[in-house]
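Asks: Start counting the sequence shown at 78; every next residue gets the next number (my numbering).
Ideal Cβ positions, reconstructed from N, Cα and C, are used throughout, including at glycine.
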Amino acid sequence: MRLVLWNEAAKVGCLKTHDHVIHDQGANMLHISTAGHERANFNAALNVTASMQKALLCGVSVLACGVVLGGTPAAQAQTIGTSSASTVYSTGADITVLTNVVLSGTPFGIANATLTNSITNGGTVSNKHTGIYNADTLNAFSNTGTISGLTGVVNEFGGTIQTLTNSGSISGIQYGILNFGVINQLTNANTGVIATSGARSSAINNSGSIGRLTNNGTIAGGARGIYNYVTSNSAVAAYIGVLTNNGLISSRSNSAITNTGNSTIGVLSNTGTISGPGGIFNYGRADIGVLTNGTLTNGVASNALIRGGLYNAGTIGVLTNDGTI
């Protein structure tokens, strides 16, 4: 519904309209109800019937002003049911990609640079550069399909993703998820795979802030599964508040988890498998507040495993091992 009202030196009583324009200049505008016409009243008084008087709910003196009520209509949600080779740009409304749809736009499959509530992918977003790109605030991002590119998902400097949930596949040659901004909660479900194929690649590369990272599926990198480090142009130290692994975090050629360069992991808890030539590397002024591997149940240690060991040249506040390192 859109209403544009210009009313000069007048009194406005109660006004009802459906997508129409009403002008009143120098008049007592008390009650107008319209559903299909434009009404204009200049230098004249309105005739108000008894029934109209009953509808008067307000009286506002307006002096030489322009008022827009209702504003611009909200952006319409985008449900994408047809494959496309063009980038899908967010307008601020929800975006849903249906199953069997392929988005192959360049340089991004889907790009968000405005406040957006949700992006949900059930199809395939694939190109040679970046699958999903976020540079603003995205409240919820969910993937049950396939996202791939040189980098699967990029959260840029200044970008915020409140919740990122993956139960499908996010993959890249260099990075699966590359974060320079803020991700409050990142969850990889038990069916989820976040992986990279490049020799020096990282499945999750964090140079920003991740509040809580929970892995119940597979995070597998060429060089590193999770790489938490500070870049030379980062405004803040890389930070992961709580990292919980109940699945598999692995590396083919380096360490499954690397925490370095004045970076912090508040709590690292493993009840699954962390595996690589190096298991966990913590060095270069890096800090892990609490590291727990496995649990004890009735005096019996769990099967939690850190294969490749633990290398520490930084700081670990508390280390508890009830599994195997």
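I'd like to check one pair, N331 with I317: are the Cβ atoms closer than 8 Å?
Replies: Taking the first residue of the sequence shown as 1, we reach residue 317 at position 240. Taking the first residue of the sequence shown as 1, we reach residue 331 at position 254. No.
Asks: Find out if the Cβ-Cβ distance for the pair N198, N232 is shorter than 8 Å.
Replies: Working through the sequence shown from its first residue, we reach residue 198 at position 121. Working through the sequence shown from its first residue, we reach residue 232 at position 155. Not in contact: N198 and N232 (Cβ atoms no closer than 8 Å).
Asks: Looking at the secondary structure, which residues open and close the beta strand (DSSP E) in which D364 lies?
Replies: Within the sequence shown, numbered from 1, the residue matching residue 364 stands at position 287. Its beta strand (DSSP E) spans residues D364 to N370.
Asks: Verify whether the separation of the beta carbon atoms of T350 and T321 is less than 8 Å.
Replies: As a first step, residue 350 must be located in the sequence shown, where it is residue number 273. As a first step, residue 321 must be located in the sequence shown, where it is residue number 244. In this structure, T321 does not lie closer than 8 Å to T350 by Cβ.
Asks: Could you give the DSSP three-state label for A217: helix, strand or coil?
Replies: Within the sequence shown, residue 217 is the residue found at index 140, counting from 1. Correct three-state label for A217: strand.
Asks: Tell whether a beta-carbon distance below 8 Å holds between D171 and N194.
Replies: In the sequence shown, counting from the first residue as 1, residue 171 sits at position 94. In the sequence shown, counting from the first residue as 1, residue 194 sits at position 117. Going by C-beta atoms, D171 is nearer than 8 Å to N194.
Asks: Report yes if the C-beta distance between T207 and T223 is below 8 Å; otherwise report no.
Replies: Sequence index remark: in the sequence shown, residue 207 carries index 130 (1-based). Sequence index remark: in the sequence shown, residue 223 carries index 146 (1-based). Cβ distance not < 8 Å, so T207 and T223 don't count as in contact.
Asks: Name the one or two DSSP bridge partners that Y316 has.
Replies: Position 239 of the sequence shown, counting from 1, holds the residue named residue 316. S286 and T341.
Asks: Whole angstroms is fine: what's the gap from L289's alpha carbon to N265's?
Replies: Here residue 289 refers to the residue found at position 212 of the sequence shown. Here residue 265 refers to the residue found at position 188 of the sequence shown. The identity of residue 289 in the sequence shown is Arg, whereas the question assumes Leu. Looking at the two C-alpha atoms, the distance is approximately 11 Å.
Asks: Grab the span of the beta strand (DSSP E) containing L255 for me, first residue to last.
Replies: Counted from its first residue, the sequence shown places residue 255 at position 178. Per DSSP, L255 belongs to the beta strand (DSSP E) from S246 to N256.
Asks: Regarding L241 and the ligand SAM, is the C-beta to nearest heavy atom distance less than 7 Å?
Replies: No copy of the ligand SAM occurs in the structure displayed, which carries no ligand at all.
Asks: Rounded to a whole number of angstroms, what is the C-alpha to C-alpha distance between G186 and T164?
Replies: As a position in the sequence shown, residue 186 is number 109, starting the count at 1. As a position in the sequence shown, residue 164 is number 87, starting the count at 1. Note on geometry: alpha-carbon atoms of G186 and T164 lie some 5 Å from one another.
Asks: Starting from the Cα of Y360, find the closest Cα among G226, G385, T392 and A333 and give me that residue.
Replies: Here the question's residue 360 lines up with position 283 in the sequence shown. When each option's Cα is compared against that of Y360, the closest is T392.
Asks: Taking 8 Å as the threshold (C-beta atoms), are A333 and S352 in contact?
Replies: Counted from its first residue, the sequence shown places residue 352 at position 275. Counted from its first residue, the sequence shown places residue 333 at position 256. Yes. Within cutoff.
Asks: Take T273 and list the residues in its own chain whose beta-carbon comes closer than 7 Å to its own, dropping the five residues that flank it on each side.
Replies: Along the sequence shown, read from residue 1 onward, the residue named residue 273 stands at position 196. Answer for T273: S248, G249, I250, Q251, Y252, G253, S279, A280, G298 and G299, listed in chain order.
Asks: Grab me the residues of K131's own chain with a C-beta within less than 6 Å of its C-beta, minus the 5 sequence neighbours each way, in chain order.
Replies: On the sequence shown, residue 131 is found 54 positions in, with the first residue counted as 1. Note on K131: pLDDT 38, under 50, position unreliable in the model; no value is reported.
Asks: Is the CB-CB distance between I365 and N339 below 8 Å?
Replies: Here residue 365 refers to the residue found at position 288 of the sequence shown. Here residue 339 refers to the residue found at position 262 of the sequence shown. It is not a contact, given that the beta carbons lie outside the stated cut-off.
Asks: What is the residue span of the beta strand (DSSP E) that R329 lies within?
Replies: Taking the sequence shown and counting its residues from 1, one reaches residue 329 at position 252. Element bounds for R329: n/a, residue is neither H nor E.
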